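Only one structure is covered here, and it is reproduced in the block below.
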Amino acid sequence: MDATTSLHWSRNRPPQTALSRFFDNKAVLIIACLLPAVGLLSVFLTYPLGLGVYLAFTDATIGRRGIYVGLENFEFLFTDPIFWNAVFFSVFYTGIATIGKFGLGLWLALLLNQHMPFKSLIRAIILLPWIVPTVLSAIAFWWIYDPQFSIISYVFVDVLGWRTTNIDFIGSEWPARFSLIAANIWRGIPFVAISLLAGLQTISPSLYEAALLDGASSWQRFRYITFPMLLPILAIVMTFSIIFTFTDFQLVYAITRGGPVNSTHLLATLAFQRGIPGGQLGEGAAIAVSMIPFLVFATLFSYFALARRKWQQGEGND
Amino acid sequence: MTINVTRRELGVMGAASLAAAPAMGQSIQAANVATPNWRIENGATLRVLRPVRFVQPDEEVFRANCARFTAATGVQVRVDFVGWEDINQQTAVTANTGAGPDLIIGFGDAPHVYADKLIEITDVAEYLGAKYGGWKRLAQRYGKRHGTNNWIGLPFGASGGPLVYRKSAVTEAGFQSVPEDHAGILRLCQALRRNNKPAGFALGNAVGDGNGFANWLVWSFGGRLVNDDGSVGINSRQTIAALNYLRELYATFIPGTLAWGDISNNRAYASNELFLTSNGVSLYFALKNDPATRPIADDTEHQLMPKGVVQSAPMAGLTLNAMVFRHSRFPNASKALLAFLLESPQYDPWLQANVGYWAQPLNAYNNSAVWTSDPKVSIFRDTMDSEFYNGYSGPITEGTAAANADYVMVQMCAAVASGQATPEAAAREAERRAARFFRRR
């Protein structure tokens, strides 16, 4: 203790003022510190979510406050083939696109993890599809898939002469679905690749050296070192990716608007279509609410199936 | 409601053809009817909301007309132009909160949805009708409460989507113009296809063009989405006949129409790949004002949609419909403004400024100079003579607009054209969907 502080030291503690006692109170502190966060969350998160859930149980339209109708919206949706088609396509779209994104993304991450010239530049370029606003890339794909003016059709028909008719990308059911999935994969790869690349770089090189000394093949090194060490980050990235894909809206709405004949509606686009242009707010909200179980399931699956401690830390199942 | 991206985007180009200032309405015949004294409230000010323009002069002339109203009456008028996507939502908020603009010029069905929030403007409508040769059929339909003579909306004009075709291609196929009967249309389209100059109509989720074609198809066979009493009537013999016909007609279309949006037929037509379609006047102006496509414009003709088995051309117009809210503190000033804007010194210049994008609701304006300014635009003059409207032939309700926006008719046609559904199954599905939109609440 130095001279300056000792000057001001006194044996008797000065009595606390009421204000200071007030702020020392634990309950007050908790409330004061939490209030801004709780306020923001309830105004911008809880209220809209709660309102959305409430609307799902009303017959509100744009222009008219609804009345409570219980499960009527859901009962109608259960008999609506368009809704079930959207459920099917949402799951199919998410499933196939996730497999594609992770297969190609992991491959790309492994490639980028090698030493090569202009490494940082190439990594930056890889991120481009992720950086471009989705609506812009969607419009680009809309042109690429256009029935009359597709660049791909142009190359095959007019340049190479391999076909006599334009390719039907979005004019019929299955081609349209796969065209959208391809666009989604293209857009999602960078996120997966860069995240996994970050994961790859945390793996200690000494593990690979030890494996090399033991004579492990490159497949064995991937299977027994890279893959297990990558799983925790894979779980997180996959959770995010599934949520982003399942709730995708912009690609589908900009390219096909759910067509042809509703075959490419995702739950998100169908909810918007019914709720806003169609004006059936209650029904749109019901479709949006029906996405929640799927998302909860996907999240739980990723966490429990992929993020077990054994994989993360190489220990037992405790 | 109906939002046609095409027309808005291309509309800007139409402005170029407006170099000459339109002549003031000398040619408009007005009956000698005394202008009612609207007894404008003291200190009145008005706020007006309307959709954004197709062409720049629309906004200029509209603002100038309101300024003249201010000069004549001392009532300040503030006009806000809002995007086409937003006007329905803003109308809904205005109606439900009882606050906001005194008047909204919205789209066709809005006054019918919010009828109990509006004041009746029968006196304005009857005065204008008497003075300017009567209201056209579509205007009466959109203006009056269903089954009464009480006016709740005041139509300002409508924008139609007739046939647009290449004269040379139709001549080459051996026709003078597009036939009015279904068999003739099919023969023409087959010939166009053989000549590799195909026809094509949007069957994708295109609010304007897709609904325009699907409505034409069903109406021209005598079918309808809604019966006069408001019950769903789509699953009928006429609809099935229309859908069976579509299967043959679709075989002659340019490939890809199932994926077409509102802009697709414009692009295909402008690039010499499409030779017969239906669209608003915007396509013609876009072609005419671009030197590269001028020859296509010169070869282009418009024609009302073929009648098929009905008496008049089965085509609906997107209608501007003005309404005065009950919450307005100055209802008389509002009425005076509406009447003033539809008087020939104001309305005729506005009509001319719009070069044909909007067609008049009052018969006297058939003589407006706009309809002789370009002979290829003159058929748009009759847009509001149509007896057809979205949701024909039932009352106009919120279900009308919703069924339109949810593509019930378009998707019924597309399902048959693509072979996904039989005509019977598609009509049943459309009936199921429409029943929900038109259910009694």
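Chains as they are written, first to last, in our numbering: chain A, 4 to 321; chain B, -3 to 437.
Backbone N, C-alpha and C define an ideal beta-carbon position, used for all residues, glycine too.
A quick note: this is a predicted structure, and the numbers were derived from the prediction, not measured.
In terms of alpha-carbon separation, which member of B:VAL214, B:PHE376 and B:LYS193 lies closest to LYS163 (chain B)?
Start at 1 with the first residue of the second sequence, and residue 163 (chain B) comes out as number 167. Minimum Cα distance to LYS163 (chain B) is reached at B:LYS193.
Cβ of TYR157 (chain A) within 9 Å of Cβ of ALA238 (chain A)?
The residue given as residue 157 (chain A) occupies position 154 in the first sequence. The residue given as residue 238 (chain A) occupies position 235 in the first sequence. No. Outside cutoff.
Count the other CB atoms, across all protein chains shown, that sit within 10 Å of the CB of TRP110 (chain A); report buried if there are 16 or more and exposed otherwise.
The sequence position of residue 110 (chain A) within the first sequence is 107, counting from 1. It counts as exposed.
Establish whether the CB of TYR211 (chain A) and some CB of chain B are separated by less than 9 Å.
Stepping through the first sequence from its first residue, residue 211 (chain A) is reached at position 208. It does not: the Cβ of TYR211 (chain A) has no partner Cβ on chain B nearer than 9 Å.
Within chain B, partners of ARG370 (chain A) - CB distance below 8 Å
The structure shown does not extend to residue 370 (chain A), since chain A is modelled only from 4 through 321, so no value can be given for it.
Is DSSP giving ALA179 (chain A) helix, strand or coil here?
To locate residue 179 (chain A), count along the first sequence from 1; it is residue 176. Helix, per DSSP.
For the stretch 170 to 204 of chain A, which residues have a beta carbon sitting closer than 9 Å to at least one beta carbon of chain B?
ASP171, PHE172, ILE173, GLY174, SER175, GLU176 and ALA179
Provide the residue span of the alpha helix (DSSP H) that contains ARG189 (chain B), from first to last.
In the second sequence, counting from the first residue as 1, residue 189 (chain B) sits at position 193. It spans 178 to 190 - the alpha helix (DSSP H) in which ARG189 (chain B) sits, taken as one unbroken run.
Against chain B: residues of the stretch 42 to 75 of chain A by CB proximity under 8 Å:
ASP62, THR64, ILE65, GLY66, ARG67 and ARG68
Quick check: what's the CA-CA separation for PRO18 (chain B) versus ASP344 (chain B)?
Position 22 of the second sequence, counted from the start, is the residue given in the question as residue 18 (chain B). Position 348 of the second sequence, counted from the start, is the residue given in the question as residue 344 (chain B). Annotation note: pLDDT 45 at PRO18 (chain B) (below 50); position unreliable, coordinate value reported separately. Whole-angstrom Cα-Cα distance: 9 Å.
Cutting at 7 Å between CB atoms, please list the residues of its own chain near THR267 (chain A), excluding the five before and the five after it.
Taking the first sequence and counting its residues from 1, the one referred to as residue 267 (chain A) is at position 264. Closer than 7 Å at Cβ, skipping near neighbours: PHE92, ALA179, ARG180, LEU183, VAL255, THR259 and GLY261.
Secondary structure at ASP76 (chain B), three-state DSSP: helix, strand or coil?
Indexing the second sequence from 1 puts residue 76 (chain B) at position 80. Three-state result, ASP76 (chain B): strand.
Can a CB atom of chain B be found closer than 9 Å to the CB of TYR148 (chain A)?
One-based indexing of the first sequence puts residue 148 (chain A) at position 145. It does: the Cβ of TYR148 (chain A) has a partner Cβ on chain B nearer than 9 Å.
Give me, in chain order, the residues of the same chain whose beta-carbon lies closer than 6 Å to that of ASN15 (chain A); leave out the 5 immediate sequence neighbours on both sides.
Stepping through the first sequence from its first residue, residue 15 (chain A) is reached at position 12. So no residue of the chain qualifies.
Option nearest GLY219 (chain B) by Cα separation, candidates B:TRP212, B:THR368, B:ASP205 and B:THR235
Along the second sequence, read from residue 1 onward, the residue named residue 219 (chain B) stands at position 223. The option with the nearest alpha carbon to GLY219 (chain B) is B:THR235.
When you check each C-beta in the stretch 79 to 106 of chain B against every C-beta of chain A, which residues fall closer than 8 Å?
ASN84, GLN85, THR87, ALA88, ALA91 and ASN92
Got a sec: which bits of the stretch 186 to 213 of chain B sit with their beta carbon under 7 Å from any beta carbon on chain A, in order along the chain?
GLY200 and ASN201
Skipping 5 residues on each side, what residues in its chain have a beta carbon closer than 8 Å to that of ALA126 (chain B)?
As a position in the second sequence, residue 126 (chain B) is number 130, starting the count at 1. Closer than 8 Å at the Cβ level, and outside the excluded window around ALA126 (chain B), lie ALA27 and VAL29.
Less than 9 Å between the beta carbons of GLU37 (chain B) and ALA365 (chain B), yes or no?
In the second sequence, residue 37 (chain B) corresponds to position 41, counting from 1. In the second sequence, residue 365 (chain B) corresponds to position 369, counting from 1. No, Cβ-Cβ distance for GLU37 (chain B) and ALA365 (chain B) is not below 9 Å.
Assuming LEU254 (chain B) and PRO263 (chain A) make a contact with CB atoms under 8 Å, what is their CB distance in whole Å?
Taking the first residue of the second sequence as 1, we reach residue 254 (chain B) at position 258. Taking the first residue of the first sequence as 1, we reach residue 263 (chain A) at position 260. At roughly 4 Å, the Cβ-Cβ gap stays under 8 Å, so LEU254 (chain B) and PRO263 (chain A) are in contact.
Residues of the stretch 312 to 327 of chain B whose Cβ lies closer than 9 Å to any Cβ of chain A, in chain order:
none
Quick one: measure Cβ to Cβ for PRO302 (chain B) and SER414 (chain B), integer angstroms, because I've assumed they're closer than 8 Å.
The residue labelled residue 302 (chain B) in the question sits at position 306 within the second sequence. The residue labelled residue 414 (chain B) in the question sits at position 418 within the second sequence. Their Cβ separation, rounded to whole angstroms, is 23 Å, which puts PRO302 (chain B) and SER414 (chain B) out of contact at 8 Å.
Boundaries of the beta strand (DSSP E) in which GLY139 (chain B) is found, first to last residue
Position 143 of the second sequence, counted from the start, is the residue given in the question as residue 139 (chain B). It is not in any beta strand (DSSP E) - GLY139 (chain B) instead sits in the alpha helix (DSSP H) that spans 133 to 139.
Can you name, in chain order, every residue of its own chain whose Cβ lies under 6 Å from the Cβ of ILE201 (chain B), other than the five neighbours on each side?
Translated into the one-based positions of the second sequence, residue 201 (chain B) becomes position 205. Going by the sequence as given, residue 201 (chain B) is Asn instead of Ile. Here the set comprises TYR403.
Does any CB atom of chain B fall closer than 9 Å to the CB of PHE159 (chain A)?
On the first sequence, residue 159 (chain A) is found 156 positions in, with the first residue counted as 1. False, the Cβ-Cβ gap to chain B never drops below 9 Å.
Would ALA195 (chain B) and LEU272 (chain B) be called neighbours here (beta carbons separated by less than 9 Å)?
Counted from its first residue, the second sequence places residue 195 (chain B) at position 199. Counted from its first residue, the second sequence places residue 272 (chain B) at position 276. Result yes, Cβ atoms of ALA195 (chain B) and LEU272 (chain B) sit closer than 9 Å.
Under 7 Å between beta-carbons, which chain A residues line up against TYR110 (chain B)? List them in chain order, please.
Start at 1 with the first residue of the second sequence, and residue 110 (chain B) comes out as number 114. The answer, in chain order, is GLY66.
Give a yes or no on whether the C-beta atoms belonging to TYR110 (chain B) and ALA95 (chain B) are separated by under 9 Å.
Position 114 of the second sequence, counted from the start, is the residue given in the question as residue 110 (chain B). Position 99 of the second sequence, counted from the start, is the residue given in the question as residue 95 (chain B). Contact flag unset, no.
Measure the C-alpha to C-alpha separation of ALA2 (chain A) and THR248 (chain A) and round it to an integer number of angstroms.
This structure leaves residue 2 (chain A) out entirely; chain A is present only between 4 and 321.
C-beta neighbour in chain B for ILE85 (chain A), strict 9 Å
Position 82 of the first sequence holds residue 85 (chain A). So, interface residue.
What residue from B:VAL406, B:ARG183, B:HIS108 and B:VAL222 has the CA that sits closest to ARG435 (chain B)'s CA?
In the second sequence, the residue the question calls residue 435 (chain B) occupies position 439. ARG435 (chain B) has its Cα closest to that of B:VAL222, out of B:VAL406, B:ARG183, B:HIS108 and B:VAL222.
Alpha carbon to alpha carbon, what distance is there between ARG432 (chain B) and ALA417 (chain B)?
What you label residue 417 (chain B) is simply residue 421 of the second sequence in a count that begins at 1. What you label residue 432 (chain B) is simply residue 436 of the second sequence in a count that begins at 1. Cα-Cα distance, rounded: 21 Å.
Cβ pair ILE250 (chain B), LEU270 (chain B) closer than 9 Å
Taking the first residue of the second sequence as 1, we reach residue 250 (chain B) at position 254. Taking the first residue of the second sequence as 1, we reach residue 270 (chain B) at position 274. Contact: yes.
Taking DSSP's pairing of strands, which residues face GLU297 (chain B) in a bridge?
If you number the second sequence from 1, residue 297 (chain B) lands on position 301. Paired residue(s): B:TYR161.
Are the beta-carbon atoms of ALA312 (chain B) and GLY208 (chain B) separated by less than 9 Å?
Locating residue 312 (chain B) in the second sequence gives position 316, counting from the first residue. Locating residue 208 (chain B) in the second sequence gives position 212, counting from the first residue. Yes; because the gap between Cβ atoms is below 9 Å, this pair is in contact.
Determine the DSSP secondary structure at TRP343 (chain A), reduced to helix, strand or coil.
Because chain A is modelled from 4 through 321, residue 343 (chain A) falls outside the range shown and cannot be assessed.
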